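Using this note's numbering, read the sequence shown as starting at 12 and increasing by one per residue.
Yeah, the Cβ is synthetic: ideal placement off N, Cα and C, and Gly gets one too.
Just so it is clear, the structure is predicted and the values come from calculations on it, not from any experiment.
A quick write-up on the structure given underneath.
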Amino acid sequence: MSDAQITLFWTPKADVRSAAPPLASLYIDSAGMGHGAGLCLMFGSNTPPHEQVAVADRVLAGVQRWRDGIAESAERQRTAEVELAEARAEIARLKGESDEGAEDA
C-alpha cells in the first residue's frame, strides 16, 4: 500500500516510537502502547538515506508547526480566560463601591 488516508483521534496517552535503519519507521499509537488505532510509516527498501532524511526533516517541520499552532491557541484561550476573570473582578469591585455609595446616602 502506498497511498492511504486515515484519521486517528489522539488521547492523552498517545505514543510515538521510531526505529532506525535499515527499517527506518515511525509508529504512531493514538491511545498508547497498543490500546487504540495505530499507524506505521516506513520507507521503501530502495529509498536512499539522504531522501529519508529529507522526508524526516519535512515531517519534523510539519509537526513543529502543528505543535506551535496548538500552543498559540492554548495561550490565546488562557489569556482570554484571565482577562475575563479580571473583568469580572473589576465589575464586582465597582458594584461593591456602588452598593456602598447607595447605603451611605
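- Query: From Ala31 to Gln16, what does the alpha carbon distance come to, in whole angstroms?
  - Reply: Within the sequence shown, numbered from 1, the residue matching residue 31 stands at position 20. Within the sequence shown, numbered from 1, the residue matching residue 16 stands at position 5. If you take the alpha carbons of Ala31 and Gln16, they lie about 24 Å apart.
- Task: Give the straight-line distance between the Cα atoms of Glu62 and Ala35, rounded to the nearest whole angstrom.
- Result: Position 51 of the sequence shown, counted from the start, is the residue given in the question as residue 62. Position 24 of the sequence shown, counted from the start, is the residue given in the question as residue 35. Pairing Glu62 with Ala35, the inter-Cα distance amounts to about 12 Å.
- Query: From Trp77 to Glu92, what distance separates their C-alpha atoms?
  - Reply: Translated into positions along the sequence shown, residue 77 becomes position 66. Translated into positions along the sequence shown, residue 92 becomes position 81. Rounded to the nearest angstrom, the gap between the Cα atoms of Trp77 and Glu92 is 23 Å.
- Query: Closest by CA to Ala42, which one among Glu108, Ala67, Leu19, Arg69?
  - Reply: Along the sequence shown, one-based indexing puts residue 42 at 31. That would be Leu19, whose Cα lies nearest to the Cα of Ala42.
- Message: Which complete alpha helix (DSSP H) runs does the region 17-58 hold, if anything under 4 residues is left out?
- Response: Correct list: empty.
- Message: If you measure between the beta carbons of Asp40 and Asp26, is that distance less than 7 Å?
- Response: Numbered from 1 along the sequence shown, position 29 holds the residue referred to as residue 40. Numbered from 1 along the sequence shown, position 15 holds the residue referred to as residue 26. Yes. Within cutoff.
- Round the Cβ separation of Gly47 and Tyr38 to the nearest angstrom and send it over; I've been treating them as touching at under 8 Å. As a first step, residue 47 must be located in the sequence shown, where it is residue number 36. As a first step, residue 38 must be located in the sequence shown, where it is residue number 27. Under the criterion of beta carbons closer than 8 Å, Gly47 and Tyr38 do not qualify as touching, at roughly 12 Å.
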